[in-house]
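Taken in sequence, the protein lines are chains B and F.
Throughout, our numbering is defined as the position within the first sequence, counted from one, plus 176.
Throughout, our numbering is defined as the position within the second sequence, counted from one, plus 300.
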Amino acid sequence: IVMTQSPATLSVSPGERATLSCRASESVSSNLAWYQQKPGQAPRLLIYGASTRATGIPARFSGSGSGTEFTLTISSLQSGDFVIYYCQQYNNWPQTFGQGTKVEIK
Amino acid sequence: QLQLQESGSGLVRPSQTLSLTCGVSGASISSGDYSWTWIRQPPGRGLEWIGYIHHSGNTHYYPSLKNRVTIAVDRSKNRFSLRLNSVTAADTAFYYCARGGDFWSGYPFFEFWGQGVLVTVSS
């Protein structure tokens with residue numbers, strides 16, 4: 177399954193909302209996770225099951241969608257949020273990642 | 301709190317074998333049915349899943365790497381390892397170990413990650 181994230185780069189002002197998209201080439205049900213990766217660090221799990229926040233993840237991060245279309249919304253961007261986000265499907269073999277969306281300061 | 305730590309050679313010659321170990325602390329690798337996983341990321345690029353292992357020794361490997369990869373578990377030392385043979389420059393990447401969900405039901409996502417180690421393939 178090919179996971180396609182859009183846009184590749186998203187320019188947003190601090191305090192504004194960011195909406196990231198992830199599309200699967202075929203249905204992955206709700207078996208979709210989102211990760212955040214800061215420079216020089218390992219990815220951090222944000223969302224699993226398409227909409228469940230992982231332990232310790234702030235409420236400004238929310239996920240939605242099912243089937244082939246998914247969205248990660250960051251309601252009010254803070255300085256540490258301007259990094260790269262990846263989606264991953266774990267419904268079909270082999271599990272696959274999207275190519276990432278970089279959120280940059282506008 | 302579960303912690304994972306990669307270790308191994310940061311420089312490997314082309315055609316040789318890449319070897320890494322992931323030490324697990326804060327929990328027993330034999331506890332539960334988790335998927336102990338290797339994932340890599342070429343510098344400046346996206347994530348690629350390599351494979352994962354259950355503490356029983358059962359494994360799953362990414363199809364395109366299957367012929368070159370071996371993942372093993374050492375329960376006595378609470379760690380698991382990665383061997384990738386016949387490496388080329390395309391195998392240069394940050395290598396992460398991670399813990400995923402239940403090995404026997406579905407496929408995992410990854411909640412706990414090591415900090416990663418850069419492995420460069422060069423003569």
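Where a beta carbon is used, it is the ideal one built from N, C-alpha and C, also for glycine.
Within 8 Å, strictly: CB atoms of residue i and residue j
i                 : j                 : result
Thr249 of chain B : Ala194 of chain B : yes
Phe412 of chain F : Ala398 of chain F : yes
Gly276 of chain B : Gly344 of chain F : no
Val279 of chain B : Phe258 of chain B : yes
Gln303 of chain F : Ser330 of chain F : no
Phe237 of chain B : Leu222 of chain B : yes
Candidates the options, of which the one nearest residue i by Cα
i                 : options                                : result
Glu202 of chain B : B:Arg220, B:Leu196, B:Thr180           : B:Thr180
Gln305 of chain F : F:Ser381, F:Gly332, F:Ser331, F:Gly346 : F:Ser381
Val419 of chain F : F:Thr321, F:Gly326, F:Gly351           : F:Thr321
Ala389 of chain F : F:Ile371, F:Ser422, F:Ser325           : F:Ser422
Gly256 of chain B : B:Ala184, B:Lys214, B:Ile177, B:Leu196 : B:Lys214
Gly416 of chain F : F:Leu384, F:His360, F:Tyr395, F:Leu365 : F:Tyr395
Thr244 of chain B : B:Ser197, B:Val204, B:Leu196, B:Ala184 : B:Val204
Ile350 of chain F : F:Ala372, F:Asp333, F:Ser330           : F:Ala372
Gly239 of chain B : B:Val259, B:Gly276, B:Tyr224, B:Ala184 : B:Tyr224
Ser364 of chain F : F:Arg345, F:Gly414, F:Leu384           : F:Leu384
Ile339 of chain F : F:Lys377, F:Val369, F:Leu302           : F:Val369
Asp374 of chain F : F:Glu348, F:Gly323, F:Gly414           : F:Gly323
Ala226 of chain B : B:Ser182, B:Ser197, B:Gln217           : B:Ser197
Arg379 of chain F : F:Gly414, F:Ser386, F:Thr317, F:Val387 : F:Gly414
Ser386 of chain F : F:Glu348, F:Gln301, F:Leu318           : F:Leu318
Ser242 of chain B : B:Cys263, B:Ser252, B:Pro234, B:Ala235 : B:Cys263
Where residue i falls, given that 16 or more other Cβ within 10 Å makes a residue buried
i                 : result
Asn367 of chain F : exposed
Gln341 of chain F : buried
Thr272 of chain B : buried
Ser328 of chain F : exposed
Ser335 of chain F : buried
Gly274 of chain B : buried
Val178 of chain B : exposed
Gly400 of chain F : buried
Ile281 of chain B : exposed
Ala154 of chain B : A query on residue 154 of chain B cannot be resolved here, the shown segment of chain B reaching from 177 to 282 and no further.
Gly332 of chain F : exposed
Gly232 of chain B : exposed
Pro234 of chain B : exposed
Interface residues of chain F facing residue i [CB-CB closer than 8 Å]
i                 : result
Phe273 of chain B : Gly346, Leu347, Glu348, Trp349
Contact list for residue i against chain F, beta-carbon separation under 7 Å
i                 : result
Gln264 of chain B : Phe409
Leu186 of chain B : Result: empty, since nearest Cβ-Cβ is about 16 Å, beyond 7 Å.
Pro270 of chain B : Trp349, Tyr362, Pro363
Ala226 of chain B : Result: empty, since nearest Cβ-Cβ is about 11 Å, beyond 7 Å.
Beta-carbon neighbours of residue i, restricted to chain B and to distances below 7 Å
i                 : result
Trp413 of chain F : Ala218, Pro219
Gly416 of chain F : Ala218
Contact list for residue i against chain F, beta-carbon separation under 9 Å
i                 : result
Tyr261 of chain B : Those do not exist, as Tyr261 of chain B stays about 11 Å from chain F at its closest Cβ, beyond 9 Å.
Gly276 of chain B : Arg345, Gly346, Leu347
Beta-carbon neighbours of residue i, restricted to chain B and to distances below 9 Å
i                 : result
Tyr396 of chain F : Ala218, Pro219
Gly357 of chain F : Per Cβ cutoff of 9 Å: no residues; Gly357 of chain F is ~20 Å from chain B at best.
Gly310 of chain F : Within 9 Å Cβ-Cβ: nothing; Gly310 of chain F doesn't reach chain B, min ~15 Å.
Gly406 of chain F : Asn207, Tyr266, Asn267
Residue i beta carbon near the ligand SAM (any heavy atom closer than 7 Å)
i                 : result
Phe246 of chain B : The ligand SAM is not part of this structure, which contains no ligands at all.
Closer than 8 Å at the beta carbon, the chain B residues around residue i
i                 : result
Gly323 of chain F : Chain B residues near Gly323 of chain F: none, gap ~15 Å exceeds 8 Å.
Next item on the list: Could you tell me whether the stretch 301 to 314 of chain F touches the stretch 346 to 362 of chain F, using the rule of 3 or more Cβ pairs below 8 Å?
Entry: By the Cβ criterion, the stretch 301 to 314 of chain F is not in contact with the stretch 346 to 362 of chain F, since fewer than three pairs of Cβ atoms, one from each stretch, lie closer than 8 Å.
Legend entry - Inter-stretch contact (C-beta, 8 Å, three-pair minimum) for the stretch 401 to 417 of chain F and the stretch 262 to 275 of chain B: Segments in contact, yes.
Would you check if the stretch 210 to 223 of chain B and the stretch 184 to 194 of chain B touch, i.e. whether three or more CB-CB distances between them fall below 8 Å?
The stretch 184 to 194 of chain B is not in contact with the stretch 210 to 223 of chain B.
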